[in-house]
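Beneath this line is the structure, given in structure tokens, with notes to follow.
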Amino acid sequence: MKYEQLAEDIIKNVGGKENVNSVVHCITRLRFKLKDEEKAQTEVLKNMDGVVTVMKSGGQYQVVIGNHVPDVYKAVVTEGGFQDAAPVDADGGEKGNLFNRFIDMISGIFTPILGVLAASGMIKGFNALFVAIGWLDQEGGTYQILNAIGDGLFYFLPVLLGYTAMKKFGGTPFLGMVIAMALVYPALEGIPKTGEALYTLFAGTMFESPIYIEFFGIPVILMTYSMSVIPIIVSAFFATKLENFLSKVIPSIIKAFLVPMFTLLIIIPLTFIIIGPIATWASQMLGTATVWIYDLSPVIAGVFLGGFWLVFVMFGLHWGLVPIAINNFAVAGVDPILALVFVHSFALAGAILAVWLKTKNQKTKVLSAPAFISSVFGVTEPAMYGIALPLKKPFIFTIISSAIGGGLLGFFGTKGYVLGGLGIFQFPSLIHPEEGLNLAFWGSVIAVVVGTVLAFVLTYFFGGINKNEAGTVQTEEAAQQAGATTAQGVKNEVLVSPFNGTVKALATIEDAAFSSGALGQGVAIEPAEGKLFSPVSGIVTVLFPTNHAIGITSDEGAEVLIHVGMDTVQLGGKHFTAHTAQGNRVEKGQLLIEFDTDAIKEAGFILTTPVVVTNYDQYEIKVISEQKVNTGDLLLKLKIK
Amino acid sequence: MKAQTFTITAESGVHARPATLLVNKAGQFESEVNVAYKDKTVNLKSIMGVMSLGIPKGAEIEVSATGSDEEEAINGIAEVIKEHLGE
């Protein structure tokens, strides 16, 4: 690499790598976010060989390099040990490590359903409250129906996540839903609890698994998928991969039903056969480990379970502990295990309360109220996926506080005497049937107070709540200032076909400017119909006056150029009708241009149309569809470098 | 900064193909190269930027370059314009 020296000098003069929050690059510039711009030696940088100039804009410190900036960027990233991603993101470059990316993915999948999730949480919580104070009878119809209203979303949570996860990964959302529907299919859910086992695998070990059903002779260990989060996300991820692969190999005439058919037939059994046992065994191990730790020290068991309970719930592993608790109630009439996790919903509520009071972000504030209230009532999902996880720090403080609370519960020997409710409704279940309000019970009150207050204080003072959001605002400003001509913080995305027609390789076009890829990279399409629909949602940055070429900068940052036909500029706009204008916002699938295919062909022009991404240096571009396409079919996949 | 004004005489103006030639040429230089038409200025290294101007026949454009090789940049671009677009 020949830019090592340059990279070293640049880093030194922006104030050293300690001063760099993040760095990205566009077509000509390194865009630094610096902790302190005063520390940068702007004059030295400006006069440095290889640096054109320095500009400061929108919270960014831009070092203009020229169009070989990708190479310099690589050298800078290597030299400074920075994250090589596109960290222009809501949390200002904090992104990057696997844990953060995982959390961002999970919260991204939840984002579309947060409103309805919070609503369901409130209904469920108040319903429990009304039963607790005697307004509703748990056997009565009113309660049953209200319960179905509040609990429906949670029970069928994988179905909603199937849609949002599949969409996020770039697959067909309805496929994700159907996969989830099969996972929570009531008839299958019923199987493991009824009838005699066919045989037992691994008898006598920790993994002892009675097998109730087989799939073509393969033993299937069923787990409870309702309310689970991770299994459907894993499934949707692989389903997207498979769907993309099948779309390529299956002829387009029969694609419409064969691709989903094979995706479902392969992914759903695989989920049952692979994820079921892994999750089941992991939860059995968790159960065994917890009992072992409890025998060793109730305090350590409390720290362990209390701390990680929310994580276990996310993976569906907590189901390994519920049978132990039920067994304890049945055998001894008392269970010390589930009582240890008592504090988690209060700690979460404390953290959310801090966010609620402190945040300046209107959206977060509005969501905090129902999230807090439902947490107190023991429904943690809205708080967890809507606020704590996306903001990250409140989640970490919840874990710490809940762990300490769990340790206190272990110390005081708090136990449950009946399988109680959740949140505050768990209190009554902790009362000793004979001794009444004993030390163990008061210990639980202390643990709850300590856990809640600790999570609140930590989040309030160290949660970095408004810092994150300031980052968001800054990024948006910077993006606006960058305008249409510079790419800014691009994201992965998928383009859909703007035409009904036939896809060809770009190289087949008889025009060097396009076939060489110099203009941009992508595909050529022979339109079967004179209608051009937007392949992305974004802003029309180019509509050539003759209406034969249109460029759209997508919301995710891709610059897409569609040039209808070859040399059609010579028509001077004849046979073309535009349905939008330069500067307009358009949505994916919107009709943008109509043209008269017959008239254009008659005039002697070729209609083969390049659909290219002009900021291709920022992506790895993959052609998804190779043959006949319809409007809206997945066409190009853009993966950031 | 170096700048030069050109008049476009090509029948179809600066459409995709000549725009590509200009952008490719501009990309060979270190300097920041801009093109101005009417009251809008864009980066000449961006195809979308150049095309968004929709420069027609008869238009007067100003190309400017700032940087270590600004002289070469202007000359290089002038050559492309003379050969394909105007004077």
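In the order they appear, the protein sequences are chains A and B.
When we follow the numbering used here, the leftmost residue of the first sequence carries the number 1, and every step to the right adds one.
When we follow the numbering used here, the leftmost residue of the second sequence carries the number 1001, and every step to the right adds one.
Built from N, CA and C at the ideal position, the CB exists for glycine as well.
Determine the closest residue to residue i out of the options, with distance taken between C-alpha atoms.
i: Pro70/A; options: Gly1027/B, Val1033/B and Ile1081/B; result: Gly1027/B
i: Ile266/A; options: Lys167/A, Leu175/A, Leu430/A and Ile253/A; result: Leu175/A
i: Asp511/A; options: Ala528/A, Val496/A, Ile606/A and Thr452/A; result: Ile606/A
i: Gly406/A; options: Ala369/A, Gly171/A and Val343/A; result: Val343/A
i: Thr631/A; options: Val496/A, Asp617/A and Ile621/A; result: Val496/A
i: Val299/A; options: Met314/A, Ile337/A, Gly557/A and Ile221/A; result: Ile337/A
i: Tyr1037/B; options: Val1063/B, Val1080/B, Ile1074/B and Lys1082/B; result: Val1063/B
i: Ala388/A; options: Leu422/A, Ile103/A, Ile179/A and Ala447/A; result: Ile103/A
i: Ala581/A; options: Thr42/A, Leu571/A and Ile593/A; result: Ile593/A
i: Gly350/A; options: Gly287/A, Ala332/A, Ser401/A and Gly302/A; result: Ser401/A
i: Pro1018/B; options: Asn1075/B, Ile1055/B, Val1042/B and Val1033/B; result: Ile1055/B
i: Ala393/A; options: Ser537/A, Gly413/A, Val457/A and Ala371/A; result: The sequence given here has Lys at residue 393/A, not Ala. Of the listed residues, the one whose Cα sits closest to Lys393/A is Val457/A.
i: Val379/A; options: Ile424/A, Gln144/A, Ala165/A and Thr414/A; result: Ile424/A
i: Thr183/A; options: Ser209/A, Gln138/A, Leu270/A and Val249/A; result: Here residue 183/A turns out to be Leu, not Thr, going by the sequence shown. Closest by alpha carbon: Leu270/A.
In the DSSP assignment, find the unbroken alpha helix (DSSP H) run with residue i in it and report its ends.
i: Lys1082/B; result: Glu1070 to His1084
i: Lys74/A; result: Val69 to Gly80
i: Ile218/A; result: Counting along the chain, Ile218/A falls outside any alpha helix (DSSP H), though it belongs to the beta strand (DSSP E) covering Ile218 to Val220.
i: Lys167/A; result: Leu157 to Phe169
i: Gln1028/B; result: First-last for Gln1028/B: undefined, no H or E at that position.
i: Gly121/A; result: Leu114 to Ala132
i: Glu4/A; result: Glu4 to Asn13
i: Phe110/A; result: Leu98 to Phe110
i: Leu1053/B; result: Ile1047 to Leu1053
From the DSSP output, read off the bridge partner residues of residue i.
i: Glu25/A; result: Before going on, a small fix: residue 25/A reads as His here, not Glu. In DSSP, His25/A forms a bridge with Leu30/A.
i: Thr53/A; result: Val64/A
i: Tyr1037/B; result: Lys1040/B and Ile1061/B
i: Arg585/A; result: Ile539/A
i: Pro210/A; result: Thr200/A
i: Val178/A; result: In DSSP, Val178/A forms no bridge with anything.
i: Phe232/A; result: First, the residue type needs correcting, since residue 232/A is Ile and not Phe in the sequence shown. For Ile232/A, which the question treats as bridged, DSSP gives no partner whatsoever.
i: Glu435/A; result: According to DSSP, Glu435/A bridges with nothing at all.
i: Leu646/A; result: Residue coverage of chain A in this structure runs from 1 to 641, which leaves residue 646/A outside it and unanswerable.
i: Asp335/A; result: Gly416/A
i: Glu1032/B; result: Thr1066/B
i: Lys622/A; result: Lys637/A
i: Thr364/A; result: Beta-bridge pairing links Thr364/A to no other residue.
i: Phe215/A; result: Ile218/A
Starting from residue i, trace the beta strand (DSSP E) both ways and give me its first and last residue.
i: Ser554/A; result: Ala549 to Ser554
i: Lys360/A; result: Counting along the chain, Lys360/A falls outside any beta strand (DSSP E), and DSSP gives it neither H nor E.
i: Lys415/A; result: Lys415/A -> no beta strand (DSSP E), and no H or E assigned at all.
i: Ile266/A; result: Where Ile266/A is concerned, there is no enclosing beta strand (DSSP E), although the alpha helix (DSSP H) it sits in stretches over Ser252 to Leu270.
i: Leu638/A; result: Leu634 to Ile640
i: Pro610/A; result: Thr609 to Val613
i: Glu594/A; result: Leu591 to Phe595
i: Gly522/A; result: Gln521 to Pro527
i: Leu310/A; result: It is not in any beta strand (DSSP E) - Leu310/A instead sits in the alpha helix (DSSP H) that spans Pro298 to Phe315.
i: Phe1006/B; result: Lys1002 to Thr1007
i: Lys46/A; result: Not the beta strand (DSSP E): Lys46/A falls in the alpha helix (DSSP H), residues Thr42 to Lys46.
Just mark residue i as buried or exposed, buried being the case when its beta carbon has 16 or more other beta carbons within 10 Å.
i: Gln284/A; result: buried
i: Met1001/B; result: exposed
i: Ala524/A; result: buried
i: Ile1008/B; result: buried
i: Ile191/A; result: exposed
i: Gly125/A; result: buried
i: Gly551/A; result: buried
i: Leu296/A; result: exposed
i: Val116/A; result: exposed
i: Glu243/A; result: buried
i: Gly451/A; result: buried
i: Asn361/A; result: buried
i: Leu34/A; result: buried
i: Gly93/A; result: Low confidence applies to Gly93/A: its pLDDT is 38, below 50, so where it sits in the model is not reliable, and the reading given next is rough at best. By the neighbour-count rule (16 or more Cβ atoms within 10 Å), Gly93/A is buried.
i: Trp356/A; result: buried
i: Ile179/A; result: buried
i: Tyr199/A; result: exposed
i: Arg31/A; result: buried
Say yes only if the C-beta of residue i is nearer than 8 angstroms to one or more non-hydrogen atoms of the ligand MG, and no if none qualify.
i: Ala440/A; result: The ligand MG is not among the ligands present in this structure, which contains no ligands whatsoever.
Name the residues in the region 563-584 of chain A whose C-beta lies less than 7 angstroms from a C-beta of chain B; which are they? His563, Val569, Gln570 and Gln582
At a CB distance below 7 angstroms, what residues from the region 1016-1028 of chain B approach chain A? Give them in sequence order. Ala1016, Arg1017, Thr1020, Asn1024 and Gly1027
Could you run through the region 361-386 of chain A and flag, in chain order, every residue whose CB is less than 8 angstroms away from some CB of chain B? none
Taking beta-carbon pairs under 8 angstroms, can you tell me which members of the region 1060-1074 of chain B lie near chain A? Thr1066, Gly1067 and Ser1068
Interface residues of the region 1042-1060 of chain B facing chain A [CB-CB below 8 angstroms]: Val1042, Asn1043, Lys1045, Ser1046, Ile1047, Met1048, Gly1049, Met1051, Ser1052, Gly1054 and Pro1056
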